[in-house]
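For what it's worth, my numbering labels the leading residue of the sequence shown as 1129, then goes sequentially.
Ideal placement from N, C-alpha and C gives every residue a C-beta, glycine not left out.
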Amino acid sequence: MTVWLVAVLVLFVCAMVHASILEGWSRRIENVGSRTEGKHAVGTGVFVSLIVPARNAATTLIPLLQDLHAQSYPKDHCEVLVVDDGSEDRTAEVVTGMMRTWPQLHLITLTEDRGKKNAITKGVMEAKGELILLTDADARCGPGRLAALAEHWRAMRSDLVLMPVGTLGGEGAVAWLQREEQFALQGATAGSAMEGAPVLANGANLAFARDAFFAVGGFRGDRWASGDDLLLLKRMLHANRPVSYLLDRDAIVTVSPEVGWSGFLAQRLRWAGKMRAYRNTAGFMAGLFAILFPLGLFALTLLIARNVSIGENLLYTWTLLAAAWLMWVLPIVRLARGMKRFFASASSPSRSVANAIGTLGALAVFAVYAPLIAALALFIRPQWKGRRV
């Protein structure tokens, strides 16, 4: 057995493990996703506090507040707390204007100890609800979101509930890449959480029990400007608190993609910094594998093409190498396809090939830029909301 065949066997085994894990995630999503249609009970019993940290969000806040006001959940069992994190625009005026006709809407202004984590903490301290729901100020949601969450929480009593976030809108390659990547990221978030080992979270759509937040220390002692979602997930898991995922179309929030390559790269640098700062073992290993495995496959493919000739187990080597490539690519395509169907509520056969090609294209781009982003994130801390991450 040549050294090249041994190297291919190692990558082949790694690809098998990867495929097995993602296959489990995909099955969970498909099994649960097929039962996400239908109305939810809007009965009372759970008081929900929606917290919206907002900084310079005057242009995006009005549509979100309109969505929250239109919730089917009883208004006397929920409240909306907008925490103004040192905005320099009309954010506070937008909220106070709507408060005149909406008694459940409140404005909290941070005068010191600013930053998103401090804004969330202040909101939680002021909240009346036993269940807290976080929403980014630039998100949109449907009218059944609160009812879906309350029904899920009454049944599961999870201390942390992860919920779906879709990237919609935008034109051009940057927006396309973000949409495609978001499907795969949401697949990993949903699938891993439903398998009992969550690796990701998204603060644009996240709920938690108020008492559990304080029990795990909230964000106390943290110095990073962003990363509230991954830090809270890490602390909940460390404290053995139950975490669940609400895979329900009524629970979806949508956000717009970053505009331009500079915004995209800054966002990816921020995300990479969060993963480095708040990694749990499963999340760290998943991220490391996602970055290094395609590099290893590509490098080994080039080396074998140059160094292995006929008579040196050439057929076995190339067969195993091809199988490793397929076991890396196909499970990711299937995982992303499952989330595309979930977000679209239906998938026609005529579009399935185009969807797969889109995922393959984004995966190829990711394999190229991800290692560069990971390396740059060790040295670069980008600006976010006017603050250094």
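Expressed to the nearest angstrom, what Euclidean distance is found between the alpha-carbon atoms of L1133 and G1415? Just so you know, the alpha carbons of L1133 and G1415 end up roughly 26 Å apart.
Does DSSP classify S1154 as helix, strand or coil? Helix, per DSSP.
How far does the alpha helix (DSSP H) with G1466 in it extend, from its first residue to its last? Start and end: L1442 to A1472.
Hey, how far is the Cα of S1177 from the Cα of A1329? Cα to Cα, S1177 sits roughly 19 Å from A1329.
State buried or exposed for V1145, treating a residue as buried only when at least 16 other CB atoms are found within 10 Å of its CB. The residue in question, V1145, is exposed, as its Cβ has fewer than 16 Cβ neighbours within 10 Å.
H1205: first and last residue of the uninterrupted alpha helix (DSSP H) it sits in: Taken as a continuous stretch (DSSP letters only), H1205 belongs to no alpha helix (DSSP H), as it is neither H nor E.
Whole angstroms are fine: how far does the CA of P1385 sit from the CA of R1469? Looking at the two C-alpha atoms, the distance is approximately 20 Å.
Tell me whether F1341 is buried or exposed, calling it buried when 16 or more other Cβ atoms sit within 10 Å of its Cβ. Buried: at least 16 other Cβ atoms inside 10 Å.
Following the continuous alpha helix (DSSP H) through A1337, name the residue where it begins and the one where it ends. No alpha helix (DSSP H) holds A1337; the beta strand (DSSP E) holding it covers N1333 to A1337.
Supposed close pair W1281, V1174 - CB separation, criterion 8 Å: Contact between W1281 and V1174 holds, with the beta-carbon distance rounding to 6 Å and staying under 8 Å.
Through-space distance from W1453 to A1275, alpha-carbon basis: Those two C-alpha atoms are separated by around 43 Å.
Just to confirm before moving on: does the CB-CB distance between R1273 and Q1199 stay below 8 Å? For R1273 and Q1199, yes; Cβs fall inside 8 Å.
Alpha carbon of A1335 to alpha carbon of D1266, nearest angstrom: Distance between the alpha carbons of A1335 and D1266: 17 Å.
Neighbourhood of T1249 by C-beta distance below 7 Å, restricted to the same chain and skipping five residues each side: Contacts found: G1346 and F1347.
Using only alpha-carbon positions, find the residue among G1349, A1143 and L1137 that is nearest to L1458. That would be A1143, whose Cα lies nearest to the Cα of L1458.
When A1400, G1243 and R1351 are compared against I1508, the one with the closest alpha-carbon: Nearest to I1508 by alpha-carbon distance, out of A1400, G1243 and R1351, is A1400.
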